[in-house]
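To start, the structure itself, in structure tokens.
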Amino acid sequence: MTQFLRKYAFALAASHICIISYLLLPQSNLWMAYDRVLVDSGQWWRLVTANLVHLGGWHTVMNLASLWLISFIFQPLLKQSYWIIWVLLLYCVNILAMHLWTPHIIHYVGMSGALYGLIAACATAELRLGVKISGVLLLIVGIKIFLPQIMGVEEEYDDFLGGAVVEESHIIGFIQGIILGLFWPKQLLNEPALKAILKSKKSES
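Going by the working numbering, the sequence shown opens with residue 655, and the numbers climb by one from there.
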């Protein structure tokens, strides 16, 4: 139990904050959501906290499920402190990039952009370690992100989430994730996650 808590400390902490912020809606959004005007006035904490508030219940559940899935699969790639650095960096840079380069976006909540960045960073890093299947994963995620730019997002999906999907955050996250995975020092990477999973299965058998 202690090992689990230590290994997934960040995912647990983020989950608790997201659930509490959901229970405190809409007041939590007033203090934590990205708001262009308020960030310009000096409320820079919103570059991070915007990732921890959501449109509603389903949006919260989907983002947290994705965070846990990515953590379970890829966390063996990095030691815990580096994993936290990755996630916080992706949280902050994703919102900051939107603030600088997408002036039409006034308000934003959710961590989906950072999550796309996290999976792109992990897949890119594993590709550098020789795991070719990670390249396939990167391609699939890229198609998932860029396809809505051609096909558009169905209104039913927006209604399901409780608001419009900000596709720009997904694109920015995906690109910054690839950059992070490419330039993170190779000596700071552990063994690829897929190999770690296979090793654990062998040790259990």
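Note that the Cβ used here is the ideal one computed from N, Cα and C, for glycine as well.
Because the structure is a prediction, the values reported are computed rather than measured.
Where residue i falls, given that 16 or more other Cβ within 10 Å makes a residue buried
{"i": "Gly827", "result": "buried"}
{"i": "Glu780", "result": "buried"}
{"i": "Leu769", "result": "buried"}
{"i": "Trp838", "result": "buried"}
{"i": "Trp712", "result": "exposed"}
{"i": "Pro680", "result": "exposed"}
Closest by C-alpha distance to residue i, when choosing among the options
{"i": "Trp755", "options": "Arg690, Pro846 and Gly835", "result": "Arg690"}
{"i": "Ser669", "options": "Leu684, Leu723 and Ser695", "result": "Leu723"}
{"i": "Ala847", "options": "Gln697, Ile673, Val785 and Phe664", "result": "Val785"}
{"i": "Val702", "options": "Lys661, Met752 and Leu742", "result": "Leu742"}
{"i": "Ile773", "options": "Ala751, His758, Ile759 and Ile829", "result": "Ile829"}
Sequence-distant residues of its chain with Cβ nearer than 7 Å to residue i (five each side left out)
{"i": "Ser766", "result": "Asn717, Ser823 and His824"}
{"i": "Leu692", "result": "Arg700"}
{"i": "Ile738", "result": "Phe664"}
Contacts around residue i, its chain only, beta-carbon distance under 8 Å, and the 5 residues preceding and following it disregarded
{"i": "Ala704", "result": "Met686, Ala687, Tyr688, Ile749, Tyr762, Val763 and Gly764"}
{"i": "Ile671", "result": "Leu706"}
{"i": "Leu659", "result": "Leu666"}
Residue i to residue j span [Cα, whole Å]
{"i": "Ala777", "j": "Ile799", "result": "15 Å"}
{"i": "Leu792", "j": "Asn683", "result": "32 Å"}
{"i": "Gln657", "j": "Trp698", "result": "34 Å"}
{"i": "Ile804", "j": "Val790", "result": "21 Å"}
{"i": "Ala751", "j": "Pro757", "result": "10 Å"}
{"i": "Leu834", "j": "Ile673", "result": "28 Å"}
{"i": "Ser695", "j": "Ile760", "result": "13 Å"}
{"i": "Leu677", "j": "Val819", "result": "21 Å"}
Contact check, residue i vs residue j, beta carbons under 8 Å
{"i": "Ser675", "j": "Val715", "result": "no"}
Nonlocal neighbours in the same chain, by C-beta distance under 6 Å from residue i, ignoring five residues either side
{"i": "Phe728", "result": "Cys776 and Ala847"}
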